[in-house]
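A.B. asks: In UniProt numbering, the protein residues as written are 1 to 112.
We treat Cβ as the ideally placed atom computed from N, Cα and C, and that holds for glycine.
Following this message is one structure expressed as structure tokens.
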């Protein structure tokens with residue numbers, strides 16, 4: 001399941017859109033950077049039948065500050081909403097993203 005690309009200059013090639021890919025088998029969301037050599041990733045695990053733990057987001061140093069983690073966070077939270085799951089937020093960045101984007105569809109699915 002790929003989410004719509006959004007332009008973030010310099011994320012891949014200048015002017016190329018960011019494309020978040022969801023690998024359900026590996027339980028991760030990724031953005032390929034600089035072709036396929038580098039990638040940003042958000043990892044999650046199922047911690048119950050209908051609950052996921054959004055565990056870790058990592059963007060290589062050279063690509064930080066360009067909004068890439070924000071795209072990963074949105075894709076992961078949209079997945080939680082679309083699949084009608086609950087989410088536990090271990091990752092500090094996802095916690096920050098939800099505080100900055102307190103959408104009701106996200107907030108109602110959070111587990112303490």
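1) Report the three-state DSSP secondary structure of residue 71 (helix, strand or coil).
2) With distances taken Cα to Cα, identify the nearest neighbour of residue 105 among 51, 86, 39.
3) Between 19, 22, 17, 42, which lies nearest to residue 91 when the distance is taken from Cα to Cα?
4) Look at the alpha carbon of residue 46 and the alpha carbon of residue 67, and state the distance between them as a whole number of angstroms.
5) So, residue 29 versus residue 37, is the Cβ gap smaller than 8 Å?
6) Please list the terminal residues of the continuous alpha helix (DSSP H) segment that includes residue 49.
7) Name the DSSP bridge partner or partners of residue 31?
8) For a quick check, are the C-beta atoms of residue 40 and residue 58 less than 8 Å apart?
9) Beta-carbon separation of residue 88 and residue 61 under 8 Å?
10) What does DSSP give as the partner residues of residue 89 in its beta bridges?
11) Can you tell me whether residue 72 is buried or exposed, with buried defined as 16 or more other CB within 10 angstroms of its CB?
12) If we ignore side chains and look at the alpha-carbon of each, how far apart do residue 99 and residue 18 end up?
C.D. replies: From the atom records:
1) By 1-based counting over the chain shown, the position of residue 71 is 71. In the structure shown, residue 71 sits in a helix (DSSP, three-state: H, G or I).
2) The residue labelled residue 105 in the question sits at position 105 within the chain shown. The shortest C-alpha separation from residue 105 is found at 86.
3) For the purposes of this step, residue 91 is taken as the residue at position 91 of the chain shown. Answer by Cα proximity: 42.
4) The residue given as residue 46 occupies position 46 in the chain shown. The residue given as residue 67 occupies position 67 in the chain shown. Distance between the alpha carbons of residue 46 and residue 67 is about 26 Å.
5) Against the chain shown, residue 29 aligns to sequence position 29. Against the chain shown, residue 37 aligns to sequence position 37. In this structure, residue 37 does not lie closer than 8 Å to residue 29 by Cβ.
6) Translated into the one-based positions of the chain shown, residue 49 becomes position 49. Segment: none, residue 49 is in no alpha helix (DSSP H) and carries neither H nor E.
7) Within the chain shown, the letter at position 31 stands for residue 31. Beta-bridge pairing links residue 31 to 20, 40.
8) For the purposes of this step, residue 40 is taken as the residue at position 40 of the chain shown. For the purposes of this step, residue 58 is taken as the residue at position 58 of the chain shown. Yes; because the gap between Cβ atoms is below 8 Å, this pair is in contact.
9) The count along the chain shown starts at 1 and reaches residue 88 at position 88. The count along the chain shown starts at 1 and reaches residue 61 at position 61. No, the Cβ-Cβ distance between residue 88 and residue 61 is not below 8 Å.
10) Your numbering for residue 89 matches position 89 in the chain shown. In DSSP, residue 89 forms a bridge with 54.
11) On the chain shown, residue 72 is found 72 positions in, with the first residue counted as 1. Buried.
12) Taking the first residue of the chain shown as 1, we reach residue 99 at position 99. Taking the first residue of the chain shown as 1, we reach residue 18 at position 18. Using only the alpha carbons, I get a separation of about 23 Å.
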